[in-house]
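Those protein sequences? They're chains V and G, same order as listed. Residue 680 in the numbering used here sits at position 422 of the first sequence, and the numbers go up by one each step. Residue 953 in the numbering used here sits at position 156 of the second sequence, and the numbers go up by one each step. Just so you know, even glycine gets a beta-carbon here, dropped at the ideal spot from N, CA and C.
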Amino acid sequence: MSDLLLKVSGLNKSFFGVQVLRDVGFELPFGAVLGLIGENGSGKSTTMNILGGVLTRDSGRVELAGDEVAPANSREALALGIAFIHQELSLFPNLSVEENIFLDHFPKRMNRLPFIDRRTLRERAKNALELVDLHASPVTPVMRLPQGERQLVEIAKALTRQARLIIFDEPTTSLTARETERLFEIISRLRAQGISIIYISHILGDVLRLCDNIVVLRDGRVVGAGLRADFSIERLVTLMVGRTIDRLFPERVAGSRQHSTALSVRGVSQPGIVKDVSFDLRLGEVLGVSGLMGSGRSELARILFGLDPYSEGEIRVGEVTLPPLAPRVAMDSGLAFLTEDRRGEGLMMEASITDNIVLPSLVERSSGFVHWLKPSALGEAARGVAERVRVNAKAIDRIVVRTLSGGNQQKVVIAKWLLRAPTIFILDEPTRGIDVGAKYEVYKIINQMVAAGAAILFISSEIEELIGMADRIMVMGRGEVRGFFERADFDREALMKSALWD
Amino acid sequence: MAETGHALSSAPGGARSRPMQAFRWLLYSDYLVLALTLVYVAALWLFVPEILSPTNVWNIFLQILPLFIAALGLMMVLMVAQIDLSATSSMAMGCVVGASIMTSQDGYLAGQPWASAVAILAIVAIGMLIGVLNGFCTIVFDMPSFLVTLTTMMFFSGAAIWYTAAHTSSGSSIGSLPPAFLEIGYGGVAGIPYAAIITVVLAIVVHLLLTRTVFGRWVMAVGLNPNAAAISGVPVRAVVIGCFALSGLFAALAAIIYTARLEAGTPILGQRILLDVIGAAVIGGVSLFGGKGTVIGVLFGVLFLSAVDNGLQLLGLSLSSVYAIKGGVILLAAVTDAIRHTLRARG
């Protein structure tokens, strides 16, 4: 027997005449971590869906420990020892941890009777949780667990099915820094036990840290493969994008920062959420907001935009004091808000690009007592901003947003606010889950807005991004402002320390 | 799955077989229901040619008018992903109160020249108030509208019976309505019944409201994604309450036509048509999941359901079998809606 767990060769797949995988092949030894990277649409998910039994291949070979396999569904894949942990976890929040782990293979009384053997169930669940280092009671409902621990439950579930290969698709997108650390530890432990991992992620730093081998996909082809030592972030980006990007962040015209204050926040508090937050956001400035998940960053953004209440303090735009819970007042004062939850809160997935873009501007673009609309004028306006942010679609009045890639969807959200020409733009994780090329374009749009005099509040979990884009960074922790860093003092370590300090 | 989704949308339909394409087109088309209606009528015509006799067609036409109005109101509520089961009991409540005002037998305004006008206003006000009450409970207490409107349905159908009993000796209905009011049921201009004129005007108004006004766009946005709508500055609560109020208003307008035709206010008015009202909207392609619905679709839905009803009765089927078959047809429409919904979600 060779030391290869997985050998994929000559994999092809097309959807309705469009070839999305061309001759994809790679190898994965026992107990190794393979990083799989590529832009959205490069074929990562399709490849993994074929391995996981979700899709069937057109041609090609998949060998698992020397035997050719072709799982027809995820159940078959699991029986072969391939577990697929999706980006959106497939746990039942209302069921307990143990029920989730053993949902499809409950230990039965006397092995046959249709009654669940609770005692065995509890014991096995405890063992499984120990393997992933999760100290939660097996009877806790999953909805009570934080996101990171839910992921551990999912891993425990895979382990009870004797998984030999675990595929992680973007596992860290909703995890805090600490949870991510913990996940990496578990992955190292799994590797030591001889379990192989395929790790898909947009965060290249993590991939370089964690993976033994790396495979880069572009347009459904393998464009780079090798040991970790052969790659650097620059090289990975070049391979993914297919051209050299000299810089990750676009050039910015310096000195756009003005002295007049756009948004002034004084002592804003809401019990249990944020405490005594004060800062000034100036016109022509990008103020970065850093902090761990749960530090109150996103909550602060929602309060500023009037979506969540606050009990004390004052939020002022020029002469106007924004009352709590009045998004319309905030909008009319020139605020715009890009939410971190693009699908859940940013877009109407089943509506057209045009309908999404014009939604916040309808009142201003209507006439008369009944608020009459002229669809042709709305379409024209939408086309204008869609072109400005370079939404990659032709018939924007017919194409449904759901069918767009993540990057294009994000551009639609930006476009819908640009149509209102906001002076203060709150961006909550504007580049989450979008590929390198689209990220660069989002940065360019931000720079254009700042150059035109707008003020940007840029919330992000990626410190590099803030260092690259912001004039100042405000660090938050436990709902409080921990400190401010001027551009000259930007330092990864210091920022991290400030966010982590308790 | 973002990647495969992209591939799907950009792919030309070439690989998909022709009948499959036609099937998909029909599945998503408004005209599916119209086509089914025509096929159904044609098939039935072989057995009961009376179905296309001028009298029968005219009867169906008159039957459709108030049902269409009530179904339009229900569509508004379905568009924001809610439901209104109380539409028919607010019809009953409105009609007995209206009748008690204008009846010449001990009516509150018996014999007054403007009695009919006040009665009409009262019916409309009751409908809208019940609608607002439904919307308010749904939104402010965050209750499922199914439960809210189920209870208001029970309350007001009971209240209507009590009210009738308190105002008449017979206890079953309030008759002797003024001729000016009855004119709405049977009168007309140049052979066109008033009811038809009212219905067409309302249909056009609703169509324009949905496609050409800010309110219509807001309704759609709330139905598709209330969170995204709220962040985009849409007053979600007001929109939902507004839709419930419109449902009540349209139920009241339908009640006026029904009452004028029956020449009496009766608390059992509309008891049997709740299924038809909801069914017509759902058959007409209004999604139970919110955000999707057209006036023309609802018209086709009403047409289909009325044709089925009428045809089965002409065939001599008992009322109970007609009910069972209609229930089956509406279930089929709801299943179709669910299939469309999942197909869309999958791409």
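_At least three beta-carbon pairs within less than 8 Å, the stretch 967–974 of chain G to the stretch 893–902 of chain G_ = Verdict: yes, contact present.
_At 3 residues or longer, what runs of the beta strand (DSSP E) sit wholly inside the stretch 668–715 of chain V?_
Correct list: 682–686.
_Euclidean distance between Cα positions of alanine 1104 of chain G and isoleucine 848 of chain G_ = For the pair alanine 1104 of chain G and isoleucine 848 of chain G, the Cα-to-Cα distance works out to about 9 Å.
*Roughly how many whole angstroms lie between the Cα atoms of alanine 1025 of chain G and valine 929 of chain G?*
Taking the straight line from one Cα to the other gives about 24 Å.
*Taking only beta-carbon atoms, is phenylalanine 1012 of chain G less than 8 Å away from chain V?*
Judged by the 8 Å Cβ criterion, phenylalanine 1012 of chain G is in contact with chain V.
*Ignoring anything shorter than 4 residues or poking outside the stretch 823–870 of chain G, list the alpha helix (DSSP H) runs there in chain order.*
Segments of the alpha helix (DSSP H) lying fully in the stretch 823–870 of chain G: 828–844.
_Counted within 10 angstroms of its Cβ, other Cβ atoms place asparagine 352 of chain V as buried (16 or more) or exposed_ = Burial check for asparagine 352 of chain V: the Cβ neighbour count within 10 Å stays below 16, so the residue is exposed.
*Own chain residues within Cβ distance below 6 Å of serine 1084 of chain G, not counting five before or after*: For serine 1084 of chain G, where only same-chain residues beyond five positions count, the Cβ hits under 6 Å are Asp1134.
*Taking the Cβ atom as the reference point for each residue, do cysteine 1040 of chain G and valine 937 of chain G lie within a distance shorter than 8 Å?*
Not closer than 8 Å, so no.
*For chain V, find out if any of its Cβ atoms is closer than 8 Å to the Cβ of leucine 1021 of chain G; answer yes or no.*
The beta carbon of leucine 1021 of chain G falls within 8 Å of a beta carbon belonging to chain V, placing the residue at that interface.
*asked:* Please state the DSSP three-state secondary structure of proline 508 of chain V.
replied: Proline 508 of chain V falls in the coil class under three-state DSSP.
*asked:* Does isoleucine 717 of chain V pass the burial test, meaning 16 or more other C-beta atoms within 10 Å, or should it be called exposed?
replied: Flag for isoleucine 717 of chain V reads buried.
*C-beta neighbour in chain G for valine 628 of chain V, strict 8 Å*: Cβ-Cβ to chain G under 8 Å: yes for valine 628 of chain V.
*Could you give the distance in angstroms between the alpha-carbon of leucine 269 of chain V and the alpha-carbon of arginine 467 of chain V?*
Within the model, the alpha-carbon separation for leucine 269 of chain V versus arginine 467 of chain V is close to 28 Å.
*asked:* Please report whether the beta-carbon of valine 575 of chain V lies at a distance below 8 Å from any beta-carbon of chain G.
replied: Not closer than 8 Å to any Cβ of chain G, the Cβ of valine 575 of chain V fails to qualify, so no.
*asked:* Please classify methionine 498 of chain V as buried or exposed, where buried requires at least 16 neighbouring CB atoms within 10 angstroms.
replied: By the 16-neighbour rule on beta-carbons within 10 angstroms, methionine 498 of chain V is buried.
_Element boundaries [alpha helix (DSSP H), containing valine 390 of chain V]_ = Careful: valine 390 of chain V lies outside any alpha helix (DSSP H) and carries neither H nor E.
*Classification of aspartate 747 of chain V by the beta-carbon crowding that lies within 10 angstroms, buried from 16 upward*: By the C-beta density criterion, aspartate 747 of chain V is exposed, having fewer than 16 other C-beta atoms within 10 angstroms.
*Taking only the alpha-carbon atoms, compute the straight-line gap between isoleucine 857 of chain G and threonine 996 of chain G and give it to the nearest angstrom.*
Going by the C-alpha atoms only, they are around 14 Å apart.
*Contacting positions in the stretch 1094–1108 of chain G - beta carbon closer than 7 Å to chain V*: Listed in sequence order: no entries.
*Based on Cα-Cα distance, which residue from G:Ala916, G:Met890, G:Tyr983 and G:Val998 lies nearest to phenylalanine 952 of chain G?*
Nearest option by C-alpha distance: G:Met890.
*Quick one, are the C-beta atoms of isoleucine 725 of chain V and valine 544 of chain V less than 8 Å apart?*
Going by beta carbons, isoleucine 725 of chain V and valine 544 of chain V fall outside the 8 Å limit.
_Close Cβ partners of leucine 841 of chain G (< 6 Å) along its chain, the five nearest in sequence each way excluded_ = Cβ within range, chain order: Ile848 and Gly1108.
*Would DSSP call methionine 401 of chain V helix, strand or coil?*
Helix, per DSSP.
*Verify the CB distance criterion: does alanine 1025 of chain G have a CB-CB separation below 8 Å to chain V?*
For alanine 1025 of chain G, the answer is yes, since a Cβ of chain V falls inside 8 Å of its Cβ.
*Hey, threonine 1010 of chain G and valine 628 of chain V: beta-carbon distance below 8 Å or not?*
Yes. Within cutoff.
*Starting from alanine 1035 of chain G, trace the beta strand (DSSP E) both ways and give me its first and last residue.*
Judged by DSSP secondary structure, alanine 1035 of chain G falls outside any beta strand (DSSP E) and instead within the alpha helix (DSSP H) spanning 1033–1059.
*asked:* Within the continuous alpha helix (DSSP H) that includes valine 1105 of chain G, where are the two ends?
replied: Start and end: 1092–1111.
*Residues of chain V with CB under 8 Å from glycine 1088 of chain G, in chain order?*
Simply Met606, Glu608 and Ala609.
*asked:* Once DSSP output is grouped into helix, strand and coil, what is the label at proline 567 of chain V?
replied: Correct three-state label for proline 567 of chain V: coil.
*For a contact meaning CB atoms closer than 7 Å, what does arginine 1009 of chain G contact in chain V?*
For arginine 1009 of chain G, the neighbours in chain V by C-beta distance under 7 Å run, in chain order, Trp630 and Leu631.
_So phenylalanine 288 of chain V and leucine 263 of chain V are supposed to be a Cβ contact under 8 Å. How far apart are they, rounded?_
That belief holds up - the Cβ atoms of phenylalanine 288 of chain V and leucine 263 of chain V are roughly 5 Å apart, short of 8 Å.
*Cβ-based contacts, 7 Å cut-off: residues of the stretch 1062–1090 of chain G near chain V*: Within the stretch 1062–1090 of chain G, the residues whose Cβ lies closer than 7 Å to some Cβ of chain V are Gly1088, listed in chain order.
*Which residues in the same chain as glycine 1076 of chain G place their Cβ atom closer than 6 Å to its Cβ, once the five residues preceding and following it in sequence are excluded?*
Cβ within range, chain order: Leu1102 and Ile1127.
*Tell me, please, whether the CB atom of proline 688 of chain V is closer than 8 Å to any CB atom in chain G?*
Among the CB atoms of chain G, none fall inside 8 Å of the CB of proline 688 of chain V.
_Contact list for alanine 1018 of chain G against chain V, beta-carbon separation under 7 Å_ = By Cβ distance, chain V contributes Met606 and Leu617.
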